[in-house]
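Everything below concerns the one structure shown next.
In our numbering, the protein residues as written are 1 to 311.
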């Protein structure tokens with residue numbers, strides 16, 4: 001398990017100077033009052049649409065696939081709001097890494113902490129189901145302030161970014177585990193820890209099954225939740241960190257424990273978990289990470305759902 005990292009002088013090498021400059025600028029910007037950060041972040045997100053045209057097309061395609069009955073104007077509006085959220089997500093990452101606890105708590109309303117306490121009273125570990133909201137860094141920070149747990153992550157290729165993100169996330173976590181370390185997650189759950197886990201990305205055909213996700217009948221979905229639930233016997237508890245409109249702050253909703261999670265069939269379990277994820281996303285759909293190709297993996301012989309974006 002990763003603990004608080006030690007600074008290494010190799011991180012001062014010139015290859016990292018641009019990264020240091022960007023981090024320094026981010027640190028300075030998140031010192032601003034939050035209403036100012038909100039205006040800058042949402043404005044930067046809208047402005048970035050001019051340059052991230054391919055990502056814009058991916059977001060629009062994902063929303064079209066997931067919400068085929070939505071009016072086209074509503075979908076376009078969601079894409080614009082999603083890019084506003086992308087801009088805010090950059091600043092929220094800096095807020096999560098650099099803000100003191102008191103400032104985080106000032107802008108958050110938290111509900112549902114009793115569901116975590118109930119699991120602890122039952123001597124259970126907690127599999128905390130998060131999804132890839134653009135608020136995820138900030139949401140994990142506020143959750144950890146109230147209930148420190150173990151984060152699951154992918155180590156960053158840039159050693160400086162890996163150091164700073166691990167250090168930032170460890171401000172409110174007990175430790176970090178590589179997302180590939182299934183044994184470590186199971187061990188932590190059996191020891192009564194809280195494991196933050198996101199089952200909503202497309203990680204390829206390995207250890208995945210094709211099950212429905214919103215209106216897409218065959219979406220590659222990890223079987224990791226099934227394995228963790230079957231072997232770790234945790235309480236499965238979803239949570240939603242969402243940004244309030246108009247720069248009014250945030251709320252974190254901890255939902256009741258998932259009941260009757262199926263433990264006998266990985267396909268049934270993945271289908272069930274996708275419904276849980278869908279319910280979370282519906283809490284703030286414009287704040288979900290629609291810019292990545294969620295449906296890039298297809299069953300053998302089926303065409304890409306993003307083919308039109310390359311034409």
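For every residue, glycine included, the Cβ atom is placed at its ideal position computed from N, Cα and C.
What residue range does the beta strand (DSSP E) around residue i cover?
| i | result |
| --- | --- |
| residue 173 | 173-178 |
| residue 196 | 194-197 |
| residue 31 | First-last for residue 31: undefined, no H or E at that position. |
| residue 127 | 126-129 |
| residue 149 | 149-153 |
| residue 212 | 208-213 |
| residue 108 | 108-111 |
If the criterion is Cβ atoms closer than 8 Å, does the pair residue i and residue j meet it?
| i | j | result |
| --- | --- | --- |
| residue 79 | residue 63 | yes |
| residue 175 | residue 199 | no |
| residue 326 | residue 136 | Coverage of the chain is limited to positions 1 through 311, which leaves residue 326 absent and any answer about it impossible. |
| residue 131 | residue 288 | yes |
| residue 297 | residue 220 | yes |
| residue 58 | residue 244 | no |
| residue 235 | residue 126 | yes |
| residue 267 | residue 197 | no |
| residue 5 | residue 180 | no |
| residue 138 | residue 96 | yes |
| residue 35 | residue 247 | yes |
| residue 18 | residue 112 | no |
Span of the alpha helix (DSSP H) holding residue i?
| i | result |
| --- | --- |
| residue 217 | Unbroken run through residue 217 is the beta strand (DSSP E), 216-222; no alpha helix (DSSP H). |
| residue 48 | 34-48 |
| residue 7 | Neither: residue 7 is in no alpha helix (DSSP H) and is coded neither H nor E. |
| residue 91 | 72-98 |
| residue 59 | 53-66 |
| residue 273 | 266-281 |
| residue 233 | Neither: residue 233 is in no alpha helix (DSSP H) and is coded neither H nor E. |
| residue 251 | First-last for residue 251: 250-254, but that is the beta strand (DSSP E), not the alpha helix (DSSP H). |
| residue 188 | 182-190 |
| residue 167 | 159-169 |
| residue 143 | 136-146 |
If I measure Cβ to Cβ from residue i and keep anything under 8 Å in the same chain, skipping five residues before and after, which residues do I get?
| i | result |
| --- | --- |
| residue 27 | 94 and 98 |
| residue 302 | 218 |
| residue 278 | 213 and 214 |
| residue 16 | 158, 159 and 160 |
| residue 177 | 1, 2, 150, 151, 152, 153, 184, 185, 188 and 195 |
| residue 124 | 192, 233, 234 and 235 |
| residue 54 | 309 |
Write down the C-beta distance between residue i and residue j rounded to the nearest angstrom, noting that I regard them as a contact closer than 8 Å.
| i | j | result |
| --- | --- | --- |
| residue 67 | residue 75 | 7 Å |
| residue 182 | residue 11 | Their Cβ separation, rounded to whole angstroms, is 30 Å, which puts residue 182 and residue 11 out of contact at 8 Å. |
| residue 306 | residue 61 | 6 Å |
| residue 231 | residue 186 | 5 Å |
| residue 133 | residue 284 | 7 Å |
Within its chain, find whatever has a CB closer than 7 Å to the CB of residue i; leave out the 5 residues flanking it on each side and keep chain order.
| i | result |
| --- | --- |
| residue 147 | 116 and 194 |
| residue 49 | 56 and 83 |
| residue 65 | 215, 216, 295 and 305 |
| residue 173 | 144, 148, 149, 150 and 151 |
| residue 156 | 162 and 165 |
For residue i, which residues of its own chain have a beta-carbon under 6 Å away from its beta-carbon, when the five flanking residues on both sides are left out?
| i | result |
| --- | --- |
| residue 280 | 131, 238 and 240 |
| residue 311 | Bear in mind that a pLDDT of 49 at residue 311, under 50, signals an unreliable position, so the number given afterwards is only what the model happens to contain. Within the same chain, residue 311 has no close Cβ partners at all. |
| residue 300 | none |
| residue 226 | 266 and 269 |
| residue 262 | 268, 269 and 272 |
### Message
Across the segment 255-272 and the segment 103-110, are there enough close Cβ pairs to call them in contact, namely three or more that are closer than 8 Å?
### Response
The segment 255-272 is not in contact with the segment 103-110.
### Task
Determine, using beta-carbon pairs with one atom in the segment 31-39 and one in the segment 189-201, whether at least three such pairs fall under 8 Å.
In short, these stretches do not touch, since the Cβ pair count stays below three.
### Task
Check whether the segment 290-306 touches the segment 199-217, counting contact only when three or more Cβ pairs, one atom from each stretch, lie closer than 8 Å.
The answer is yes - the segment 199-217 touches the segment 290-306, with three or more Cβ pairs under 8 Å.
### Task
Spell out a yes or no on whether the segment 132-149 and the segment 234-245 are touching, meaning 3 or more CB-CB pairs, one atom from each, closer than 8 Å.
Short answer: they touch.
### Task
Would you be able to state if there are at least three C-beta pairs under 8 Å between the segment 267-278 and the segment 42-51?
Verdict: no, contact absent.
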